[in-house]
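Below is one structure; the comments refer to it alone.
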Amino acid sequence: MSEPLLTLENLSCERDGRTLFSGVHYTCNRGTLLQIVGFNGAGKTTLLHTLAGLLPASSGTVLWRGQPANRQRQAFYQELLYLGHQVPVKPQLSVRENLLWLGALNTPATEAAIAEALAEVDLAGFEDSPSYALSAGQKRRVLLAQLYLSRATLWILDEPFTAIDKAGVQKLEAAMARHAAKGGVVLFTSHQPLAMAEFSTLDLSAYQTPQEFADA
Ligand SMILES: Nc1ncnc2c1ncn2[C@@H]1O[C@H](COP(=O)(O)OP(=O)(O)OP(=O)(O)O)[C@@H](O)[C@H]1O
Numbered sequence: 001m002s003e004p005l006l007t008l009e010n011l012s013c014e015r016d017g018r019t020l021f022s023g024v025h026y027t028c029n030r031g032t033l034l035q036i037v038g039f040n041g042a043g044k045t046t047l048l049h050t051l052a053g054l055l056p057a058s059s060g061t062v063l064w065r066g067q068p069a070n071r072q073r074q075a076f077y078q079e080l081l082y083l084g085h086q087v088p089v090k091p092q093l094s095v096r097e098n099l100l101w102l103g104a105l106n107t108p109a110t111e112a113a114i115a116e117a118l119a120e121v122d123l124a125g126f127e128d129s130p131s132y133a134l135s136a137g138q139k140r141r142v143l144l145a146q147l148y149l150s151r152a153t154l155w156i157l158d159e160p161f162t163a164i165d166k167a168g169v170q171k172l173e174a175a176m177a178r179h180a181a182k183g184g185v186v187l188f189t190s191h192q193p194l195a196m197a198e199f200s201t202l203d204l205s206a207y208q209t210p211q212e213f214a215d216a
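Just so we're aligned, residue 1 is where the sequence shown starts under UniProt numbering, counting upward by one.
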């Protein structure tokens, strides 16, 4: 049996004193491709923030390779690629400069690697373009180029398909499936139907307390 990489151990999260979900337990072994599902406001982004260490859990633990992630932050962050809702592409920087900035915590990417990653997201030749001149979908593609530059084992992707056209969605789905097939772990959210053949789902609606159902 493969070693569990990420374990959600009895996780509960709250916002403004309101419990969003409680008692979430899930083990992600190598090869896990997991969609977090639930209605608007169920807590999907909150859960992904918690897993990425951006928000504290109200109870429970996030384990990485069997140890609490928050007690081995450096090792954990070296293996994590988190792409959130926001697009932190700085308009005053070129596409290349943005990618170097976004990957500043890792070994600097070579010119060739940046060119390859941009080709993967259909932005070949955009290296020197000012980022303020990109469309919404192109800005998101700059973020997605990180998937091809990163060596992270764990991908946490919050609505990665937003603003991406049909061909781009297919390519992204393929990249996610490939990463899992190579032994990585991919957690993601999406409100759109997906064509990927095999992925698991974790429905946060199942982890609400009766009180939260009453409030919803
Ligand atoms: N910064 C914040 N401060 C206080 N409450 C927040 C904050 N962000 C989100 N919330 C609340 O937490 C709850 C869960 O929000 P979250 O963004 O995790 O939901 P979600 O399942 O990702 O929703 P969606 O499908 O709309 O993206 C919502 O009720 C929301 O109002």
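Every residue, glycine too, gets a C-beta built ideally from N, C-alpha and C.
Those residues whose C-beta sits under 6 angstroms from the nearest heavy atom of ligand 1 are, from N- to C-terminal order along the chain, R15, D16, L20, G38, N40, G41, A42, G43, K44, T45, T46.
By the Cβ test, the region 111-130 is not in contact with the region 65-79, since fewer than three Cβ pairs between them sit closer than 8 angstroms. When DSSP assignments are scanned along the region 29-99, the uninterrupted stretches of alpha helix (DSSP H) that are 4 or more residues long and fall wholly within it turn out to be 44-51, 73-78.
The Cβ-Cβ distance between T189 and L48 falls below 8 angstroms. Shown here, V121 sits in coil according to DSSP, grouped into three states, outside any helix or strand.
Within the model, the alpha-carbon separation for P4 versus A133 is close to 43 angstroms. Straight-line measurement puts the Cα of L34 at about 10 angstroms from the Cα of D203. Taken through DSSP and simplified to helix, strand or coil, H179 comes out as helix. In this model, R73 and V89 are separated by some 25 angstroms (Cα to Cα). For the pair W101 and V95, the Cα-to-Cα distance works out to about 10 angstroms. Boundaries of the beta strand (DSSP E) harbouring R15: 4-15, taken from the DSSP string.
Collapsing the DSSP output to three states places R140 in a helix.
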